[in-house]
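Q: Just so you know, the sequence shown maps onto residues 10 to 692 in this note's numbering.
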Amino acid sequence: MDREDMIERYARFLREYVDDSGNEVYLNKLKDLLTVTPKRSLAIDWTHLNSFDPELAGELLENPEESILAAEDAIQIVLREPPLLKEEEFKVHARFYNLPRTLLVKELGSEHINRLIQVEGIITRVSEVKPFVEKAVFVCKDCGNEMVRLQRPYENIVKPSKCDACGSRNVDLDVEKSRFINFQSFRLQDRPESLKGGQMPRFVDAILLDDLVDTALPGDRILATGILRVILEQKDKRPIFKKVLEVNHIEQLSKEIEELEISPEDEQKIRELAKRKDIVDAIVDSIAPAIWGHKTVKKGIALALFGGVQRTLPDGTKLRGESHVLLVGDPGVAKSQILRYVANLAPRAIYTSGKSSSAAGLTAAAVRDEFTGSWVLEAGVLVLADGGFALIDEFDKMSDRDRSAIHEALEQQTISISKAGITATLNARTTVIAAANPKYGRFNRHKSLPEQLDLPPTLLSRFDLIFLLLDEPDEKVDSSIAEHILKVRRGEAEAVTPKIPYELLKKYIAYARKNVHPVLSREAMEEIKRYYVRMRKGFKRPGEDDGVQPIPITARQLEALIRLSEAHARMRLSETVTREDARAAIAIIEDMIRKIAVDEEGTLDVSILEVGKSSKKINKIDRMVDIIKSLESEGEFGAPEDRILEAAKQAGLGSENEIKKLINDLKRDARIYEPRAGFYRVL
Numbered sequence: 010m011d012r013e014d015m016i017e018r019y020a021r022f023l024r025e026y027v028d029d030s031g032n033e034v035y036l037n038k039l040k041d042l043l044t045v046t047p048k049r050s051l052a053i054d055w056t057h058l059n060s061f062d063p064e065l066a067g068e069l070l071e072n073p074e075e076s077i078l079a080a081e082d083a084i085q086i087v088l089r090e091p092p093l094l095k096e097e098e099f100k101v102h103a104r105f106y107n108l109p110r111t112l113l114v115k116e117l118g119s120e121h122i123n124r125l126i127q128v129e130g131i132i133t134r135v136s137e138v139k140p141f142v143e144k145a146v147f148v149c150k151d152c153g154n155e156m157v158r159l160q161r162p163y164e165n166i167v168k169p170s171k172c173d174a175c176g177s178r179n180v181d182l183d184v185e186k187s188r189f190i191n192f193q194s195f196r197l198q199d200r201p202e203s204l205k206g207g208q209m210p211r212f213v214d215a216i217l218l219d220d221l222v223d224t225a226l227p228g229d230r231i232l233a234t235g236i237l238r239v240i241l242e243q244k245d246k247r248p249i250f251k252k253v254l255e256v257n258h259i260e261q262l263s264k265e266i267e268e269l270e271i272s273p274e275d276e277q278k279i280r281e282l283a284k285r286k287d288i289v290d291a292i293v294d295s296i297a298p299a300i301w302g303h304k305t306v307k308k309g310i311a312l313a314l315f316g317g318v319q320r321t322l323p324d325g326t327k328l329r330g331e332s333h334v335l336l337v338g339d340p341g342v343a344k345s346q347i348l349r350y351v352a353n354l355a356p357r358a359i360y361t362s363g364k365s366s367s368a369a370g371l372t373a374a375a376v377r378d379e380f381t382g383s384w385v386l387e388a389g390v391l392v393l394a395d396g397g398f399a400l401i402d403e404f405d406k407m408s409d410r411d412r413s414a415i416h417e418a419l420e421q422q423t424i425s426i427s428k429a430g431i432t433a434t435l436n437a438r439t440t441v442i443a444a445a446n447p448k449y450g451r452f453n454r455h456k457s458l459p460e461q462l463d464l465p466p467t468l469l470s471r472f473d474l475i476f477l478l479l480d481e482p483d484e485k486v487d488s489s490i491a492e493h494i495l496k497v498r499r500g501e502a503e504a505v506t507p508k509i510p511y512e513l514l515k516k517y518i519a520y521a522r523k524n525v526h527p528v529l530s531r532e533a534m535e536e537i538k539r540y541y542v543r544m545r546k547g548f549k550r551p552g553e554d555d556g557v558q559p560i561p562i563t564a565r566q567l568e569a570l571i572r573l574s575e576a577h578a579r580m581r582l583s584e585t586v587t588r589e590d591a592r593a594a595i596a597i598i599e600d601m602i603r604k605i606a607v608d609e610e611g612t613l614d615v616s617i618l619e620v621g622k623s624s625k626k627i628n629k630i631d632r633m634v635d636i637i638k639s640l641e642s643e644g645e646f647g648a649p650e651d652r653i654l655e656a657a658k659q660a661g662l663g664s665e666n667e668i669k670k671l672i673n674d675l676k677r678d679a680r681i682y683e684p685r686a687g688f689y690r691v692l
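1. Can you list, in chain order, the residues of its chain with a C-beta nearer than 7 Å to that of G647? Leave out the 5 residues immediately preceding and following it.
2. For the beta strand (DSSP E) containing V334, name the first residue and the last one.
3. Cβ of P340 within 9 Å of Cβ of T506?
4. Could you tell me how far apart the beta carbons of L237 and L254 are, in whole angstroms, since I believe they sit closer than 8 Å?
5. Just to check my reading of the structure: V146 and F189 have Cβ atoms closer than 8 Å, yes? What is that Cβ distance to the nearest angstrom?
6. Tell me whether the beta-carbon of S295 lies closer than 9 Å to the beta-carbon of K508.
7. Would you call Y517 buried or exposed, if buried means 16 or more other Cβ atoms sit within 10 Å of its Cβ?
8. Helix or strand or just coil, what does DSSP make of S383?
9. Just grab the DSSP bridge partners of F212 for me.
10. From E242 to E379, what distance separates their C-alpha atoms?
11. Rank I627, L70, P227 and P459 by C-alpha distance to the C-alpha of V392 and give the top, closest one.
12. Could you say if the segment 103-113 and the segment 76-90 meet the contact criterion of at least three C-beta pairs nearer than 8 Å?
13. Going by C-alpha to C-alpha distance, which of G176, S574 and D181 sits closest to V157?
14. Note down, one range per segment and in chain order, each beta strand (DSSP E) of at least 3 residues found wholly within the segment 372-437.
15. So does the segment 572-592 actually touch the segment 531-540, counting three or more Cβ pairs closer than 8 Å?
16. Rounded to whole angstroms, what is the Cα-Cα separation between R499 and D480?
17. Do A313 and V334 have their CB atoms nearer than 9 Å?
18. Buried or exposed for C175, going by 16 or more other Cβ atoms inside 10 Å?
19. Based on Cα-Cα distance, which residue from K168, K171, D151 and V184 lies nearest to P140?
20. Determine the contact status of L474 and G302, defining contact as a CB-CB distance below 9 Å.
21. For I571, tell me which candidate among S187, P91 and Q319 has the shortest Cα-Cα distance.
22. Quick one: grab the DSSP three-state call for A712.
23. Under three-state DSSP, which class holds D678?
24. Where are the alpha helix (DSSP H) runs, 4 residues long or more, that stay fully inside the segment 575-608, in chain order?
25. Using only the alpha-carbon positions, how far apart do S489 and K304 sit?
26. Beta strand (DSSP E) containing V486: first to last residue?
27. Helix, strand or coil: how does DSSP classify P551 here?
28. So, are the CB atoms of A445 and D405 less than 9 Å apart?
29. Quick one: what's got a C-beta closer than 8 Å to P162's C-beta in the same chain, skipping five residues either side?
30. Just mark G552 as buried or exposed, buried being the case when its beta carbon has 16 or more other beta carbons within 10 Å.
31. Count the other CB atoms within 10 Å of the CB of F250; is the residue buried (16 or more) or exposed (fewer)?
32. Name the residue from V289, I231 and L322 whose alpha carbon lies nearest to the alpha carbon of L739.
33. For the alpha helix (DSSP H) containing G309, list its first residue and its last residue.
34. Check E265 in the structure and name its three-state DSSP category.
35. By the three-class DSSP mapping on this structure, what secondary structure does I630 have?
36. So, do the segment 193-200 and the segment 117-124 have three or more beta carbon pairs nearer to each other than 8 Å?
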């Protein structure tokens, strides 16, 4: 097909193509480009072209470079004709989308070289925008002759070795006369959910030019149309090439969970399922059926899978809907197994281990890009799981850098990064379900949770639900567990068959998250308010006006109650949060607080999670510091230990051992120091 013929056929397509309603689709789009949206790209649907001129559409896939140039020339011709009549030059790119076949990155092969292809993936890194010289003008320093060379973004610069006129080698690029456009590169990787077990995600570097730059961020899922190019790898002179995608069109895939195709029959099954009276129990029992017991934990995870509703207030403040869950427990209680199961069940989930996450790790990192040599942002797990679930095992063993960044991800749902001159904020609207082991191997009932976990209290308080999975000998329970494991090992199907089939439950969760947005009813609001006020009021003890009061519940738990109530309503596909939903959320939060936020005297005190110490202990520590301060002048080197013990006993701070432990704690926290053995001063 010759070029003139191609241009003529494209021009005819642009002029004459009409949709079912008789609208001149592309003429109207060009009108909009000139008036409404001052963009420089015309998006052309390949299926429209195929229905109008199948030969031209086939030629575009086989010979894209010439076809796209012909289409751009045709646009120029149509722009100058009635009804548009554009006088001056206005360059418009032809961008094609909706090709007949969508490839995954791992499917790109040598048969696609120099073909127009459509690739689906997730962006893991994006470079800065740089100028690229599209039309380079070289000037001879000796005779002034100008030579024009057109450049390609994926190849080395094409430069005349000597002047065409006088043969001089004194040739330089004239930046003033050359034409530059914006250039950006990014890395496209297979989406985690498109990989079957054990497959390595492949990636391809891609190039964005002109008005396509800055249309995508790390963590975005996109559909890119482009021409697959190859570059000779320069490192060694072997005949091996590197693939590069020259992008022609980018389409953002929805942030919603749409990867699962839900057919009308599926929807009917889901609606039928939601009518069951025991739907909540059926869902809970269908989570990790191979693991016996842990009913409350499974219910908490089910609530996190469905999630609450994210709301944006009129002033722009965002209230998160995601509920984060932390499982803490003895070795061998199937924490990792539960996480693994959820990773397969949850739509758009990424499983990782805190220990093995390096480089970009859990958050994001700045790395040097081999393609352009500049610093680029590389997205970590929480950014890649945006809109989905991050399942993190060995949560207590992650690096300090990640630990500080994850605070922001859990509450604000963004990750801010300032490295190598790059300052950026990436979205991380992710539900985190994490598992951690106690610091000393086994959980000690007589110590508080923060003392036994290698996690700061500020991080602990960001989790809506924290579950303790303890391995305690109990003849009845042990016999049930042993029997269940033996049945599973023997291959008895009913032992591991979930009440709701695995694939249907997966679709049910995706459908509920996408289509159901429950609103609190008046009764549910009253129920939550009553519980909150009752809990706050019930613990003001007479005669305890001094010092820090124990707080059984804070506004943070109130937020958690609302999110969990919404999730409970979503499980039933209900648009209204009823009193029963609120009660179910209260029951699960109450159960958690009673297990992990009880002080030395059995009083509920959320300070244990928020600060790491109970209010009682904070008060004792403050009184101890006051005692040491008042006795400092008694000895030459500070307060003598025997006088401190005596005064502390009189003040009722406990036995001699308890007081010594308090002194050691103060020393460890660097609130007091020991100038000479047996003497203490306050810092």
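Each residue gets a CB set at the ideal place from its N, CA and C atoms; glycine is no exception.
A: Short version:
1. E641, P684, F688, Y689 and R690
2. V334 to G338
3. no
4. Sure, about 6 Å apart at Cβ, within 8 Å.
5. Not really, about 11 Å apart at Cβ, beyond 8 Å.
6. yes
7. buried
8. coil
9. Q198
10. 11 Å
11. P227
12. Result yes; three or more Cβ-Cβ pairs closer than 8 Å.
13. D181
14. 373-377, 384-388, 398-402, 423-428 and 431-436
15. yes
16. Straight-line Cα distance between these residues: approximately 24 Å.
17. Closer than 9 Å, so yes.
18. Its Cβ having fewer than 16 others within 10 Å, C175 is exposed.
19. Of the candidates K168, K171, D151 and V184, the residue whose Cα lies closest to the Cα of P140 is V184.
20. no
21. Q319
22. Outside the displayed range of the chain (10 to 692) lies residue 712, so it cannot be described from this structure.
23. For D678, the secondary structure class from DSSP, reduced to helix, strand or coil, is coil.
24. 588-605
25. 14 Å
26. Element bounds for V486: not the beta strand (DSSP E) but the alpha helix (DSSP H), E484 to R499.
27. Because the pLDDT of P551 is 45, which lies under 50, any placement of that residue in the model is unreliable, and the number read from its coordinates should be weighed accordingly. Residue state, collapsed to three classes: coil.
28. Taking 9 Å as the Cβ cut-off, A445 and D405 qualify as a contacting pair.
29. F141, F192, I216, L218 and E255
30. Because G552 carries a pLDDT of 46, less than 50, the predicted location of this residue cannot be relied on, and no value is offered for it.
31. exposed
32. In this structure the chain extends from 10 to 692, so residue 739 is not present and cannot be described.
33. In the DSSP annotation of this structure, the continuous segment of the alpha helix (DSSP H) that includes G309 starts and ends at K304 to F315.
34. The predicted model places E265 with a pLDDT of 49, which falls under 50 and marks its position as unreliable; any figure quoted below should be read in that light. E265: coil per DSSP, three-state reduction.
35. helix
36. Because the criterion of three Cβ pairs below 8 Å is not met, the segment 193-200 and the segment 117-124 do not touch.
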